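Below is one structure, written out as structure tokens, with a few remarks after it.
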Amino acid sequence: MVTIIILNYNGWQDTVECLASLQKQTMQDFRVVVADNGSGDDSVVRIGQWIEQNKQNGKVQLLPLKDNYGFAKGNNLAIASVPNEDTDYFWCLNNDTVLEPDCLQQLVEYMDAHPQVSVATPAIRLYDQPDLLWNAGGKLVFGGRRYYYPSQSASLLESTPALPITFVTGCALFFRKELLAAEPLFTERFFFGEEDYYFSMRMQKEQRTMVCLANAVMYHKVGSSHANVVSYNKLFIYLLNRMIDLRLWYSSHQYRTWLAAYIPFISMRFLRKLSLPERRNFFRLLLREVRANERVSKQLFEKYIHYPFTYAQ
1 MVTIIILNYN GWQDTVECLA SLQKQTMQDF RVVVADNGSG DDSVVRIGQW
51 IEQNKQNGKV QLLPLKDNYG FAKGNNLAIA SVPNEDTDYF WCLNNDTVLE
101 PDCLQQLVEY MDAHPQVSVA TPAIRLYDQP DLLWNAGGKL VFGGRRYYYP
151 SQSASLLEST PALPITFVTG CALFFRKELL AAEPLFTERF FFGEEDYYFS
201 MRMQKEQRTM VCLANAVMYH KVGSSHANVV SYNKLFIYLL NRMIDLRLWY
251 SSHQYRTWLA AYIPFISMRF LRKLSLPERR NFFRLLLREV RANERVSKQL
301 FEKYIHYPFT YAQ
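End of the sequence shown sits at 313 in our numbering; the numbers just go up one at a time, nothing left out.
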């Protein structure tokens, strides 16, 4: 039995398309928990209607959460809401994904045959360009990660049906329930973002084996229209998450070494349109928050996602 977790936030159209692709899976030994993360639209009603109309009441459970708890806590609450005695695997699945009919079967059959593997992910292709990969997992590098085959032809995976990885996104995280024995799946230190990096660092520390399966195919609706536009608010939160995260994992020497190289890189890569005083102010504010916090709460996230950076964006 597989328990599939789908988190919805103001995105019922994507969620019901994802559910429809689950209906078509060649393997049907699964149940779905759709956790609505305090949506402000009519998502709960719309998803409930789809469940009723498609006679999925016994298959799909709708779990309305009282607030927007963010990605990590929302998934953790959904996982905790179901008994896992009869569950062999969990699958955290983004709501804006669509699956090939044999995707789940490929994952289960591989994991059943390879008990040494703790985590698997499908080959994630671009929804609007289905022959191209979004990623095939990736690898952890010093202070960051590198995707495998980003925006490259999916045919490149044909010679590597099971690609060893050390980084996995939270978009389609398939794992054995034993990972939940000691702690929740995702750290709740970060309201939004960074949970997959922290998870991958944890898997590396625990010497867990992870793979990307080329024959398990899914499509992800990755936004690309503003890919080259810098949002200083989003950049600030990304850096705040990463700096706090690495301070937890690295020694003081490793952290200082990484920071000494990373700040100039970010300055030249993403802040080059700003004046030197503006860059200094940006990093002064960032480093002050890093020193003052050990987590990025919802309140801290909301403060900086709406922070009035005065630079033209």
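All C-beta atoms in this analysis are idealised placements derived from N, C-alpha and C, irrespective of residue type, glycine included.
What you are looking at is a predicted structure, and each value in this text was computed from that prediction instead of being measured.
What is the C-beta distance between residue 26 and residue 102, in whole angstroms, given that I count them as a contact (C-beta under 8 Å)? 5 Å
Do residue 290 and residue 243 have their beta-carbon atoms positioned less than 7 Å apart in this structure? yes
In the DSSP output, which residue or residues are listed as bridge partners for residue 310? Note: residue 310 sits in no beta bridge, so no partner.
Report the start-end ranges of each beta strand (DSSP E) in the stretch 101-145 that is 3 residues or longer and not cut off at the edges. 117-126, 133-135, 138-141
What did DSSP end up calling residue 254 once you bin it into helix, strand or coil? helix
If you check the beta carbons only, do residue 298 and residue 191 fall under 7 Å apart? yes
Counting pairs of Cβ atoms below 8 Å between the stretch 102-117 and the stretch 14-28, do you hit three or more? yes
Rounded to the nearest angstrom, what separates residue 56 and residue 15 at their Cα positions? 14 Å
Per-residue DSSP class, three states only, for residue 16: helix
Can you tell me which of 32, 8, 18, 9 puts its alpha carbon nearest to the alpha carbon of residue 2? 32
Which residues share a DSSP beta bridge with residue 165? 210
Among 181, 137, 178, the one whose alpha carbon lies nearest that of residue 168: 137
Beta carbon of residue 63 nearer than 7 Å to that of residue 80: no
Taking just the CA atoms, how far does residue 305 sit from residue 236? 8 Å
Should residue 211 and residue 164 be called a contact, given that it needs their Cβ atoms to be closer than 7 Å? yes
So, helix, strand or coil for residue 182, using DSSP? coil
In three-state DSSP terms, what is residue 36? strand
Does the stretch 84-97 touch the stretch 169-180, meaning 3 or more C-beta pairs lie closer than 8 Å? yes
My output table needs one value for residue 45: the three-state DSSP class, helix, strand or coil. helix
Assuming residue 221 and residue 147 make a contact with CB atoms under 8 Å, what is their CB distance in whole Å? In fact, because the Cβ distance is near 17 Å, the residues do not count as touching under 8 Å.
Buried or exposed, going by whether 16 or more other CB atoms sit within 10 Å of the CB of residue 200? buried
Determine the DSSP secondary structure at residue 288, reduced to helix, strand or coil. helix
Rounded C-alpha distance that separates residue 281 from residue 193: 24 Å
Taking buried to mean at least 16 other C-beta atoms within 10 Å of its own C-beta, is residue 240 buried or exposed? buried
Taking the alpha helix (DSSP H) that residue 175 belongs to, which residues open and close that run? Unbroken run through residue 175 is the beta strand (DSSP E), 172-176; no alpha helix (DSSP H).
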